[in-house]
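Chains as they are written, first to last, in the numbering used here: chain A, 1 to 183; chain B, 1001 to 1236. Even glycine gets a Cβ: it sits at the ideal position worked out from N, Cα and C. Have a look at the structure below, then the notes.
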Amino acid sequence: MFGESFVLLSAKADAGFLAALNDRLNLGDIIVTVLFFTILMVLLKKFAWGPLMGVMDQRAELIANEIEAAEKSRLESEKLLEEQRALLKEARDNAQSIVDNAKKLGESQREELIVAARAEVNRMKESAALEIATEKEKAVAAVREEFVSLSILAASKVLGKEISEEDNRALIEETIVKAGEGR
Amino acid sequence: MNHENPSFVLFGLSFNPANIMMLFITCLIVFLIAFFSTRNLKVKPTGMQNFMEWVMDFVKGIIKNNMDWRTGGRFHVLGITLIMFVFVANMLGLPMAVVVDHKLWWKSPTADPVITMTLATMVVVLTHFYGVKMLGVKGYFKTYLQPMPFLAPLKIIEEFANTLTLGLRLYGNIFAGEILIGLLASLGASSAFGLAGALIPALAWQGFSIFIGAIQAFIFVMLTMVYMAHKVDTDH
């Protein structure tokens, strides 16, 4: 059937050609096939392939955007991390300096306290020494006075007469002082 | 097997109503599959949308094998429609053949040489059309002189050979498949003994025919894109 058709195609076209061809070949089917296929393609493009391609393009775009966004957020988080790291380092430095300062302050306060205590001790020592000296002085004076009275008493007993205490006191005291110095 | 084809004449053209019916059914099935699997499309695909997207990517892969996607993108719709159409057409004749009054009504539309040759011619005409459109008239005729001017006669013969092989390969494969299925079916219908003998070969052959139908649909689209690439790509 087909070979004959091709022979016919090469034949000279005349009025009977189409009719003769039509007898052997369903020319109508050719037209119907092309027509149906074209209609199918147009309809599918409108109702199926077009929307589907749109969705696929949309997805491709979405994925591209997502990748871009992910890249962006990655960079951002890296930046934030760097920032946090710097802040942490700064805070650590601050804390270190605060501790150092506190140490230094404590040290100086300790020094001060020690110095103050030492001064207090010295002062107390001095005042005690002073007090002791005055007490001693006082005691010596009291002893001396007592000794004078006893000496006068003894002398009056020895001499058998009343020695005027008022007259001789100055003399005796002088003697005692001299005796004290000579000792 | 000597069934006649029904026919009628309209406007001086003869039609085969069986072909028209089967073509219409093919178109309807393809359209319904495509239409219902692309309802409520989602960016995150589910169910049939996945399948349709697989088909699209498959055809995209075929086109990308042959030409630059910037050139080939415009043939995407043609390719998907063609592969679905040819595949469904190939499948239609597998489950049954309906013969009424010795006239064959239900069959694969691609088991008719008129239809396959029409599809092949349509494809080849499209390749020439796009060749002229994209390379210009001068560029189009230049392709006949490449790679060597003295090969020009072969290049011209090649165009006719391409058309013939493209159409007749499809027709031959599908028609042969249907003949064998018909033979096995008549054997199975002859007697109980025949049924026992025909059952397993018939099943095997139907399975194989599905495979052939799919392969032929793939080859048809593949060759369409190969011929298209020859005409529109300057690299080849």
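Asked, Found
"In DSSP terms, what PHE1015 (chain B) is bridged to", "B:PHE1008"
"CB contact flag (ALA1198 (chain B), LEU1187 (chain B), <8 Å)", "yes"
"Nonlocal neighbours in the same chain, by C-beta distance under 7 Å from TYR1130 (chain B), ignoring five residues either side", "MET1228, LYS1231 and VAL1232"
"Touch test, the stretch 1160-1174 of chain B against the stretch 1108-1126 of chain B, Cβ-Cβ under 8 Å, three pairs minimum", "yes"
"CB contact flag (VAL1086 (chain B), PHE1220 (chain B), <8 Å)", "yes"
"Close-in-space but distant-in-sequence residues of the same chain around LYS125 (chain A) (CB under 6 Å, 5 per side omitted)", "none"
"Cutoff 8 Å; reference VAL148 (chain A); Cβ partners in own chain excluding five residues on either side", "ARG169, ILE172, GLU173 and ILE176"
"Stretch pair the stretch 51-63 of chain A + the stretch 1138-1155 of chain B: three plus CB contacts closer than 8 Å", "no"
"Bridge partners - VAL1098 (chain B), DSSP secondary structure assignment", "B:TRP1106"
"Closest by C-alpha distance to PHE1036 (chain B), when choosing among B:ASP1112, B:MET1052, B:ILE1025 and B:MET1022", "B:MET1052"
"Cα-Cα separation between ASP100 (chain A) and LEU130 (chain A), rounded to whole angstroms", "45 Å"
"Any chain B beta carbon closer than 8 Å to ILE30 (chain A)", "yes"
"GLN109 (chain A) - DSSP class collapsed to helix/strand/coil", "helix"
"Proximity of MET1225 (chain B) and ILE1063 (chain B) at Cβ, strictly below 8 Å", "yes"
"Residues of the stretch 1162-1183 of chain B with Cβ closer than 7 Å to any Cβ of chain A, in chain order", "none"
"Where the alpha helix (DSSP H) through LYS1231 (chain B) begins and ends", "1192-1232"
"Residue-chain proximity (ASN26 (chain A), chain B), Cβ-Cβ < 8 Å", "yes"
"Min CB distance ALA1089 (chain B) to chain A below 8 Å", "no"
"Residues, ordered as in the chain, of the stretch 48-75 of chain A that lie near chain B by beta-carbon distance below 7 Å", "ALA48, TRP49, PRO51, LEU52, VAL55, MET56, GLN58, ARG59 and LEU62"
"Within-8 Å CB hit, GLU1004 (chain B) to chain A", "no"
"Nearest neighbour of MET1084 (chain B), chosen from B:SER1190, B:TRP1205 and B:PHE1031 [CA to CA]", "B:PHE1031"
"As assigned by DSSP and simplified to three states, the class of LYS12 (chain A)", "For LYS12 (chain A), the predicted structure reports a pLDDT of 49, less than 50, and the residue's modelled location is therefore unreliable. The matter cannot be settled from this model."
"Chain B within 8 Å of VAL34 (chain A), Cβ atoms only", "yes"
"Cβ-Cβ distance between MET1056 (chain B) and ILE1080 (chain B) below 8 Å", "yes"
"LEU1223 (chain B) at chain A interface by Cβ criterion, 8 Å", "no"
"Within 8 Å of chain A by C-beta, residues of the stretch 1146-1158 of chain B in sequence order", "none"
"The stretch 1016-1032 of chain B / the stretch 36-47 of chain A touching (three or more Cβ pairs under 8 Å)", "yes"
"Host alpha helix (DSSP H) of ASP29 (chain A) (start-end)", "27-44"
"Interface partners of LYS46 (chain A) on chain B, CB under 8 Å", "Residues of chain B passing the Cβ test: none, with the nearest at roughly 10 Å."
"Close beta carbons around GLU71 (chain A), own chain, < 8 Å, minus the five adjacent residues each side", "none"
"Closest Cα partner of ILE1215 (chain B) within the set B:ALA1185, B:ARG1169, B:MET1134 and B:LEU1184", "B:ARG1169"
"Terminal residues of the alpha helix (DSSP H) in which ASN1090 (chain B) lies", "1076-1092"
"Any C-beta of chain A under 8 Å from that of ILE1108 (chain B)", "In the sequence under discussion, the amino acid at residue 1108 (chain B) is Ser, which differs from the Ile named in the question. Chain A contact via Cβ: absent."
"Limits of the unbroken alpha helix (DSSP H) element including TRP1069 (chain B)", "1069-1072"
"Sub-8 Å separation of LEU1104 (chain B) and ALA1018 (chain B) beta-carbons", "yes"
"Range of the contiguous alpha helix (DSSP H) that encloses PRO1113 (chain B)", "1113-1142"
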